Each structure stands twice: as structure tokens, then as C-alpha cells.
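Top line first, the protein sequences correspond to chains G and X.
Each residue of the first sequence is one higher than the one before, starting from 118 at the first, in the numbering used here.
Each residue of the second sequence is one higher than the one before, starting from 292 at the first, in the numbering used here.
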Amino acid sequence: MSSSLEKNMLILRSSDGEEFIVPEVVAVMSKAIKNMVEDECASNTIPVPNVDANILAMVIEFCKKHDESEAEAASDLKTFDSEFVNRGQEALYDLITAANFRDVKELLDALCQNVAEMIKGKSVHHIRIQFLGYQLFEILTSNFIWNIWCDRDFD
Amino acid sequence: MSSGGSIFDLPGHIISDILSRLPIKTIIHCRCVCRTWRSLVLDPHFANLHLSRTPTSLIIHQDSDRSPDWDSDILKLIEFDRDKHDQHGNGLLHYDPLMKFDLKRLCYKNGEILLVGSVNGLLCFCDYENEAIFICNPIMRECITLPKPIYTKRYPSTIVYGFGYSSLSGHYKVVQISQTPHSDPAEGLPSSYDSQGAVYVLGTANWRSIGTVPFLYSCRSYNLSLNGNIHWLNWDGETSELICSFDVHNESFQVFPSPPNNLIKQTLYVNLGLFRDCLCLCVTDGSEDSDIVIWVMKEYGVKESWTKEIVIRQNSSDLSCLLYDEVSLLHVWENGDILILWRDDRLYSYSPERKTLEEVEVPRDSSHIVAPFITYEMMLHVPSFLSLKDFKREKVDMF
Numbered sequence: 118m119s120s121s122l123e124k125n126m127l128i129l130r131s132s133d134g135e136e137f138i139v140p141e142v143v144a145v146m147s148k149a150i151k152n153m154v155e156d157e158c159a160s161n162t163i164p165v166p167n168v169d170a171n172i173l174a175m176v177i178e179f180c181k182k183h184d185e186s187e188a189e190a191a192s193d194l195k196t197f198d199s200e201f202v203n204r205g206q207e208a209l210y211d212l213i214t215a216a217n218f219r220d221v222k223e224l225l226d227a228l229c230q231n232v233a234e235m236i237k238g239k240s241v242h243h244i245r246i247q248f249l250g251y252q253l254f255e256i257l258t259s260n261f262i263w264n265i266w267c268d269r270d271f272d
Numbered sequence: 292m293s294s295g296g297s298i299f300d301l302p303g304h305i306i307s308d309i310l311s312r313l314p315i316k317t318i319i320h321c322r323c324v325c326r327t328w329r330s331l332v333l334d335p336h337f338a339n340l341h342l343s344r345t346p347t348s349l350i351i352h353q354d355s356d357r358s359p360d361w362d363s364d365i366l367k368l369i370e371f372d373r374d375k376h377d378q379h380g381n382g383l384l385h386y387d388p389l390m391k392f393d394l395k396r397l398c399y400k401n402g403e404i405l406l407v408g409s410v411n412g413l414l415c416f417c418d419y420e421n422e423a424i425f426i427c428n429p430i431m432r433e434c435i436t437l438p439k440p441i442y443t444k445r446y447p448s449t450i451v452y453g454f455g456y457s458s459l460s461g462h463y464k465v466v467q468i469s470q471t472p473h474s475d476p477a478e479g480l481p482s483s484y485d486s487q488g489a490v491y492v493l494g495t496a497n498w499r500s501i502g503t504v505p506f507l508y509s510c511r512s513y514n515l516s517l518n519g520n521i522h523w524l525n526w527d528g529e530t531s532e533l534i535c536s537f538d539v540h541n542e543s544f545q546v547f548p549s550p551p552n553n554l555i556k557q558t559l560y561v562n563l564g565l566f567r568d569c570l571c572l573c574v575t576d577g578s579e580d581s582d583i584v585i586w587v588m589k590e591y592g593v594k595e596s597w598t599k600e601i602v603i604r605q606n607s608s609d610l611s612c613l614l615y616d617e618v619s620l621l622h623v624w625e626n627g628d629i630l631i632l633w634r635d636d637r638l639y640s641y642s643p644e645r646k647t648l649e650e651v652e653v654p655r656d657s658s659h660i661v662a663p664f665i666t667y668e669m670m671l672h673v674p675s676f677l678s679l680k681d682f683k684r685e686k687v688d689m690f
């Protein structure tokens, strides 16, 4: 397969075995992949453990857009970013973990900013409810976990 | 397919990154969400990350000797709100009563507090009557009272302070300058002074003499800390430059490149300030066609880069009221309008484009009636979560 691959293309293989053919310039927006390519320890197929096909597709979509849009207006990219990161909490968690693990700075930045916007202006109670959701019930009923809370405290 | 992870499960450095993007008030709330978040926010790494992302605010020290207790010796943090605008596109001043700090518990009953300087969220103020210097971080509600300084204010000596930070050494330093005239000031302006300096490095718990200090300092004008230097106005007529500076790292005094002297005519009032991130001077001259000129040093340390950025002409409408006292620049809005403090009690917004001046109300607690005769000291301040407890050998009081 590698022989038929166009020049400057890489194959990324997700944790669940799906393969994505990606231009090298897009793939190296991940600093972890960039290091592998530079050290020449990567064959054409690069395994991306811990990231499943669903999330990897999203990460690639983000990087492609950022690679293409260098000439585009910054405001367009900003709109794309804010729409891209507008996802459910679980997808956000997986994306942040992937962006952190693969070291994709621009994506991690956009995601952290988005989570910050979700927290902005919220009370302690709301933050707990929002981010713990159904887990809250479990935690409230467990004496052990109760210890992780501390009371509202302004020193 | 999804791992079902929650934001709470993210690694600590990611949570720090997210929290560092939040407004101060939300961060204070976040400290109470759980123990992990609390310890993340109290970590010096978080304080530095947050500092690098936080826009400058305004700190107001409000005092009044004729108003009830709740209105005197109060610090208020005022944020420049970029999201809300008035009809001219100016941002607004945002004040949250949570950002109000009462200094009365810290200071002596008969004392009078004056601001010295603000660096990285740490505020230095002094009480000349009781010879006490304080360093406080209002956001952390922490305060240190420094040991008695070396020099004391005894007639006819005057005392000047400065507060600065060196990123080279990571040191915060308070500088004390004592100026004693060689002749009695009551018999005319003294021709020469004996000036001695002392330095206090935060975390060392003692003052250290630095010997003779050059130049002449006014005890009324503020110092300004920027790029590892503390700047003062230099009133020593013999030196060609109007500004002098103290290098916080190597503790040396120098003349600092200033606007061309012949362009600053008969100066009535001069004030150091910041125009966006550049050093600036607000000059009120005393000549007949007097103007208020804001000089900006576009490139730090380069004399040729001083530019006459804004000229407020006396003949434009009702600006003349500004001429009879000091003017200091506080903020430049995105549309170019500037926020200025006149004397020590009035805020104005001036538009260089429309050439209009409008009074701006100093934000106050809505429930309170405005007491008359309130005076203000105002200073740019970046609120931070730096803890004074990270300085060894200092006793930290909470207030």
C-alpha cells in the first residue's frame, strides 16, 4: 500500500484499526507525529493509540481546515473553531485528551477556551452539576468521595 | 465508542490552562469546587499562567476624612469591560462589589495610606506617618508589613518609594530614597541635597543600604515599573533628561531617554503613565496657549521614538477645566478614546477624534449614598493569584 501512496502523504491508524490518508503537512500539526517523522522512526503508517476513529477524524478535520485556511480571513477560522468545539462534554473530553496526547497546540487552545466559556460566570454549585452530571448522584451517595469537596471558602 | 470522561478527569495542567482563562470572580468560585481545583489554583504555576493571560485593570484607593468608615481606605478593583460599549463604542468600567477590599484592618488608626506601586498583582502602599510599608495581594487577601525602613521622614528630609520587579532574578524590590537638603528649605529652595537609598528584597526580611542616590525626586509624583526598571520624574535641573530609572536587577540609577527638552516648554504638571504598553508622559504646560500633551515612547528605551500622540487643546470646548491641575492617563480604549484622572477625584473620557470630553462616574457600591470629598488614587493593576506565602521569611496576614 505504501508504494501506491502519493508523495508527502501519511497513513494514520486509529486505536480501533481504521486508517486515514492524510497530507504530511496536516499530520505534523501534531507535534508528537512531527517528532516521529523527523526522527524517521515512522513508516508510512503511523499508529495513533488511545484515539479512536471517530475522534481521529475530528482532529484531522480541524488540522486540515487550519492548514488550508492560512490565506483565509482570521475571522472565518475563528467561526470554524467555535463551531468545531461546540460539542457535548464527552466528545470534548476525548478531543482534549487526544489533542493533549498528540500535542496539537491550536486544537488544545481552542478546546480549553471553549470549556472556559462554559464555566465563565457560573456558581460553584452550577459547575459541579454541569460537569459531573449523572456522576453527581453516585458521588453524593459515597462517603469516600464526599471528602474531595471543600466548603465555599474565601480564606 | 466514547470514553465517557468528564472535564473533572482531565490532567491537572489542562485544568489549570482552562481555569487560567476565566475572570477573577469565576476563579475564586472554582477554588471551591473541589480540592483538586483548589490546589491547582493555589499552585505558583497557575498564578504565572493566569498572569500571562490577564488584562490590566484599575485599582482605586478611595479615601475620605469626612465620610463614614465604610467609604474610607477602601481598595476597589475596576475592570475595563471590552464586551459592553457605550454609544461611542467605548468600553465600560466594570465593578463587582466582591472586588472591594477594606484596608482599615491592616493599618494604623491615625495613619494615612498612599499607593506606591503595583507589580504582577502585588500592591505596595505606605503609611508615612507611621513609617510602615505594606505589600499586599488584594485578590488573595494577603498582606505583609515590612520591617521599619532605614530612613525616617524628619523635617527637612523627604522620603520617596518605588516598587519593581526583575524577571532576570525573579526579585520584587522596594526602594526607599531619603533626600535631605543641605540648607533649610524655609530659607529658599535648597541648592543641593544629600540622598541615600535602601532596598528591600521581598523574602529577605531586611532593608539594605545602597548608598548615595543621584537625581532629585518629587514626593508627589508616582513611580512606574516597566521592563525591569522603576521610573521616576527627575526634578534635578542639572540633568538633561526629565526621567530617571532604577534597574531592579543590578540596583543602579540612570538617566532615562526622555522627550526632547525644548519641546516641553514651561511645564506645569507632568505625570508618568502607560499608553497601551508604552511609557508615556502627560504634560500640562503653563504657556499662554497651554495644551495637555501626551507623549508616548513607542519603542522602549529609544529616545527618538518619543511621539506627541495626543494633544488636548485649550480652545476646544470645555477642556480648560483640565488645565488647573494634574492629569494622568489611565487607559486607552480600543477606539482610541482615553480615560484620564484629573486632580485626584474626577474621571474623564476624552476622544481625540471628536475632541470631546465627558465626565465618567467612578464606579461605586449602588447601595451607598455618595459621600462628599472623596479622593482617589488610581493605578493600573493586573490582578493575580500570586501568593505572598511563597516568599520565605515573611509573615503574611490575612485580611
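Don't be surprised by glycine CBs; every beta carbon is placed ideally from N, CA and C.
Being a predicted model, the structure only gives us computed values, none of them experimental.
Q | Interface partners of CYS417 (chain X) on chain G, CB under 8 Å | A | Here residue 417 (chain X) is taken as the residue at index 126 of the second sequence, counted from 1. Neighbours of CYS417 (chain X) on chain G: none; closest Cβ ~25 Å, over 8 Å.
(Q) What does the Cβ neighbour count give for SER192 (chain G), buried or exposed, with the cut at 16 atoms within 10 Å? (A) Along the first sequence, read from residue 1 onward, the residue named residue 192 (chain G) stands at position 75. SER192 (chain G) is exposed by the Cβ-count criterion.
Q: Note the first and the last residue of the continuous alpha helix (DSSP H) segment covering ARG329 (chain X).
A: For this step, residue 329 (chain X) is matched to residue 38 along the second sequence. Element bounds for ARG329 (chain X): 326 to 332.
Q. Terminal residues of the continuous alpha helix (DSSP H) containing PRO388 (chain X)?
A. The count along the second sequence starts at 1 and reaches residue 388 (chain X) at position 97. No alpha helix (DSSP H) holds PRO388 (chain X); the beta strand (DSSP E) holding it covers 382 to 393.
(Q) With a threshold of 9 Å between beta-carbons, can LYS683 (chain X) be considered close to chain G, or not? (A) By one-based count along the second sequence, residue 683 (chain X) stands at place 392. No, no contact with chain G.
Q.
At the level of alpha carbons, what is the spacing between GLU155 (chain G) and LEU493 (chain X)?
A. Translated into positions along the first sequence, residue 155 (chain G) becomes position 38. Translated into positions along the second sequence, residue 493 (chain X) becomes position 202. When rounded, the distance between both Cα atoms is 46 Å.
**Q.** Inter-residue Cα distance where the pair is ILE128 (chain G) and ILE629 (chain X)
**A.** Counting from one through the first sequence, the residue named residue 128 (chain G) turns up at place 11. Counting from one through the second sequence, the residue named residue 629 (chain X) turns up at place 338. Taking the Cα positions, ILE128 (chain G) is about 55 Å away from ILE629 (chain X).
Q) Interface residues of chain X around ALA233 (chain G) at Cβ under 9 Å? A) If you number the first sequence from 1, residue 233 (chain G) lands on position 116. Near ALA233 (chain G) (Cβ distances below 9 Å), the residues of chain X are ASP308, ILE309, LEU310, SER311, ARG312, LEU313 and THR317.
Q) How would you write the range of the beta strand (DSSP E) that ARG344 (chain X) sits in, first residue to last? A) Indexing the second sequence from 1 puts residue 344 (chain X) at position 53. Unbroken run through ARG344 (chain X) is the alpha helix (DSSP H), 335 to 344; no beta strand (DSSP E).
Q. What whole-angstrom Cβ distance do ILE583 (chain X) and PHE566 (chain X) have, given they're in contact under 8 Å?
A. Here residue 583 (chain X) corresponds to residue number 292 of the second sequence, with the count starting at 1. Here residue 566 (chain X) corresponds to residue number 275 of the second sequence, with the count starting at 1. A Cβ-Cβ distance of about 13 Å is found for the pair ILE583 (chain X) and PHE566 (chain X), leaving them out of contact under the 8 Å criterion.
Q) Within 10 angstroms of its Cβ, does VAL142 (chain G) collect 16 or more other Cβ (buried), or is it exposed? A) The residue you call residue 142 (chain G) lines up with position 25 of the first sequence. The residue in question, VAL142 (chain G), is exposed, as its Cβ has fewer than 16 Cβ neighbours within 10 Å.
(Q) Comparing C-alpha positions only, which one of X:ILE534, X:ALA423, X:PRO551 and X:VAL539 sits nearest to ASN518 (chain X)? (A) Sequence index remark: in the second sequence, residue 518 (chain X) carries index 227 (1-based). The residue with the shortest Cα to Cα distance from ASN518 (chain X) is X:VAL539.
Q. Going by the CB atoms, is the gap between HIS385 (chain X) and PRO654 (chain X) shorter than 9 Å?
A. As a position in the second sequence, residue 654 (chain X) is number 363, starting the count at 1. As a position in the second sequence, residue 385 (chain X) is number 94, starting the count at 1. Taking 9 Å as the Cβ cut-off, PRO654 (chain X) and HIS385 (chain X) qualify as a contacting pair.
Q) Can you tell me whether LEU389 (chain X) is buried or exposed, with buried defined as 16 or more other CB within 10 angstroms of its CB? A) Walking along the second sequence from the start, residue 389 (chain X) turns up at place 98. LEU389 (chain X) counts as exposed, since fewer than 16 other beta carbons sit within 10 angstroms of its beta carbon.
Q) Touching or not, the stretch 665 to 681 of chain X and the stretch 635 to 654 of chain X, by the rule of three or more beta carbon pairs under 8 Å? A) yes
Q) Apart from the five residues just before and just after ASP164 (chain G), which ones in its own chain have a Cβ nearer than 7 Å to its Cβ? A) Within the first sequence, numbered from 1, the residue matching residue 164 (chain G) stands at position 47. According to the sequence provided, residue 164 (chain G) is Pro. The question's Asp does not apply to it. Closer than 7 Å at Cβ, skipping near neighbours: ARG130.
Q: Find out if the Cβ-Cβ distance for the pair ASP656 (chain X), TRP633 (chain X) is shorter than 9 Å.
A: Here residue 656 (chain X) refers to the residue found at position 365 when the second sequence is read from its first residue. Here residue 633 (chain X) refers to the residue found at position 342 when the second sequence is read from its first residue. No. Outside cutoff.
Q: State the CB to CB distance for the pair LEU306 (chain X) and PHE248 (chain G), rounded to an integer number of angstroms; the pair is presumed to be in contact (CB under 8 Å).
A: Against the second sequence, residue 306 (chain X) aligns to sequence position 15. Against the first sequence, residue 248 (chain G) aligns to sequence position 131. The sequence given here places Ile at residue 306 (chain X); Leu does not occur at that position. Wrong, their Cβ atoms sit about 11 Å apart, outside the cutoff.
Q: Rounded to whole angstroms, what's the CA-CA distance from LEU228 (chain G) to ASP198 (chain G)? Just pull it up for me.
A: Start at 1 with the first residue of the first sequence, and residue 228 (chain G) comes out as number 111. Start at 1 with the first residue of the first sequence, and residue 198 (chain G) comes out as number 81. Cα to Cα, LEU228 (chain G) sits roughly 9 Å from ASP198 (chain G).
**Q.** C-alpha gap between GLY238 (chain G) and ILE603 (chain X), whole angstroms
**A.** Residue 238 (chain G) sits at position 121 when you count from the first residue of the first sequence. Residue 603 (chain X) sits at position 312 when you count from the first residue of the second sequence. The straight-line gap from Cα to Cα measures roughly 39 Å.
Q: Classify ILE262 (chain G) as buried or exposed, calling it buried when 16 or more other Cβ atoms lie within 10 Å of its own Cβ.
A: What you label residue 262 (chain G) is simply residue 145 of the first sequence in a count that begins at 1. Annotation note: pLDDT 42 at ILE262 (chain G) (below 50); position unreliable, no value reported.
**Q.** Below-9 Å beta-carbon distance, PRO335 (chain X) vs any chain G residue
**A.** Reading the second sequence from its first residue, position 44 is the one you call residue 335 (chain X). False, the Cβ-Cβ gap to chain G never drops below 9 Å.
Q: Could you tell me whether any Cβ in chain G is nearer than 9 Å to the Cβ of SER675 (chain X)?
A: Looking up residue 675 (chain X) in the second sequence gives position 384. No, SER675 (chain X) lies away from the interface with chain G (no Cβ there is under 9 Å from its Cβ).
Q | Alpha-carbon spacing of VAL546 (chain X) relative to ILE521 (chain X), whole angstroms | A | Indexing the second sequence from 1 puts residue 546 (chain X) at position 255. Indexing the second sequence from 1 puts residue 521 (chain X) at position 230. When rounded, the distance between both Cα atoms is 12 Å.
Q. By the 10 Å Cβ neighbour count, where 16 or more other Cβ atoms means buried, how is SER240 (chain G) classified, buried or exposed?
A. For the purposes of this step, residue 240 (chain G) is identified with residue 123 of the first sequence, where counting begins at 1. For SER240 (chain G), the number of other beta carbons within 10 angstroms of its own is below 16, and it is reported as exposed.
Q) Looking only at C-alpha atoms, which of X:HIS672, X:LEU677 and X:LYS683 sits nearest to ILE351 (chain X)? A) As a first step, residue 351 (chain X) must be located in the second sequence, where it is residue number 60. Considering only alpha carbons, the answer is X:HIS672.
Q. Is TYR210 (chain G) helix, strand or coil when you go by DSSP?
A. Locating residue 210 (chain G) in the first sequence gives position 93, where the first residue counts as 1. Reduced to three states, the DSSP call for TYR210 (chain G) is helix.
Q. So what does DSSP say about HIS473 (chain X), is it helix, strand or coil?
A. In the second sequence, residue 473 (chain X) corresponds to position 182, counting from 1. Secondary structure at HIS473 (chain X): coil, using DSSP grouped into helix, strand and coil.
Q. Ends of the alpha helix (DSSP H) at ASP362 (chain X)?
A. The residue labelled residue 362 (chain X) in the question sits at position 71 within the second sequence. No alpha helix (DSSP H) contains ASP362 (chain X), which DSSP labels as neither H nor E.
**Q.** Any chain G beta carbon closer than 9 Å to HIS753 (chain X)
**A.** Here chain X comprises residues numbered 292 to 690, so residue 753 (chain X) is not present and cannot be evaluated.
Q) What do you reckon, are the CB atoms on MET689 (chain X) and ARG432 (chain X) nearer than 9 Å? A) Taking the first residue of the second sequence as position 1, residue 689 (chain X) is located at position 398. Taking the first residue of the second sequence as position 1, residue 432 (chain X) is located at position 141. Contact flag set, yes.
Q | Span of the beta strand (DSSP E), counted from its first residue to its last, around GLU650 (chain X) | A | For the purposes of this step, residue 650 (chain X) is identified with residue 359 of the second sequence, where counting begins at 1. Its beta strand (DSSP E) spans residues 647 to 651.
Q. Between ASP211 (chain G) and chain X, is there a C-beta pair that is closer than 9 Å?
A. Translated into positions along the first sequence, residue 211 (chain G) becomes position 94. So yes, ASP211 (chain G) belongs to the interface.
Q | Close beta carbons around SER457 (chain X), own chain, < 6 Å, minus the five adjacent residues each side | A | On the second sequence, position 166 is the one that residue 457 (chain X) refers to. These residues qualify, in order along the chain: GLY519, VAL539 and HIS540.
Q) In this structure, does DSSP put ASP198 (chain G) in helix, strand or coil? A) For this step, residue 198 (chain G) is matched to residue 81 along the first sequence. Note: ASP198 (chain G) maps to helix in three-state DSSP.
(Q) So CYS434 (chain X) contacts chain G; which residues on that side make the cut at Cβ distance below 7 Å? (A) As a position in the second sequence, residue 434 (chain X) is number 143, starting the count at 1. Ordered by position in chain G, no residue passes the 7 Å Cβ test against CYS434 (chain X), which lies about 12 Å from the chain.
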